[in-house]
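Student: Quick one: this structure, given as C-alpha cells, is what I'll be asking you about.
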Amino acid sequence: MANVELNPKEAGLLKEILIRYYADIRFEIADTDDKEFLKFLKEREAFMRNLIKRLEKAEREGLEGLMTP
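In the numbering used here, the protein residues as written are 1 to 69.
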C-alpha cells in the first residue's frame, strides 16, 4: 500500500478537485448507456466518495494520521 503525505493546503486542494469532478461524474453516470463504461464510472465514483470522506475526516481530526504539518 502506498502512503502519500499531504500538508493541509494540499489536502484542501485535493478535496476541492475531487468534489468538483465528483459532480461531473454523477452527470456522466446518468447519461451513460454502455454497461461496461457505467460500471467503470460507478467504481470511480465510489472511490472518489470514499477519498473525499477520508479527507474530510482527517480535516476534522486536525489532519493527523493522513497529512503532515
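Every residue gets a Cβ at the ideal spot worked out from N, C-alpha and C, and that includes glycine.
Going by beta carbon distance, what residues of the same chain come within less than 8 Å of Glu28, once the five residues before and after it are set aside?
Tutor: Excluding residues within five positions, the ones whose Cβ falls inside 8 Å are Leu41.
Student: Just confirm the distance between the C-beta atoms of Leu55 and Leu14, as a whole number of angstroms; I'd bet it's less than 8 Å.
Tutor: Yes, they are in contact, since the Cβ atoms of Leu55 and Leu14 sit about 7 Å apart, within 8 Å.
Student: If I follow the unbroken alpha helix (DSSP H) through Ala46, where does it start and stop?
Tutor: That run of the alpha helix (DSSP H) goes 35 to 60.
Student: Does the beta-carbon of Ala2 have 16 or more other beta-carbons within 10 angstroms, so that it is buried, or is it exposed?
Tutor: Looking at its Cβ environment, which holds fewer than 16 other Cβ atoms inside 10 Å, Ala2 is exposed.
Student: Work out the CA separation of Ile25 and Glu36 for me, nearest whole Å.
Tutor: The alpha-carbon atoms of Glu36 and Ile25 are separated by roughly 15 Å.
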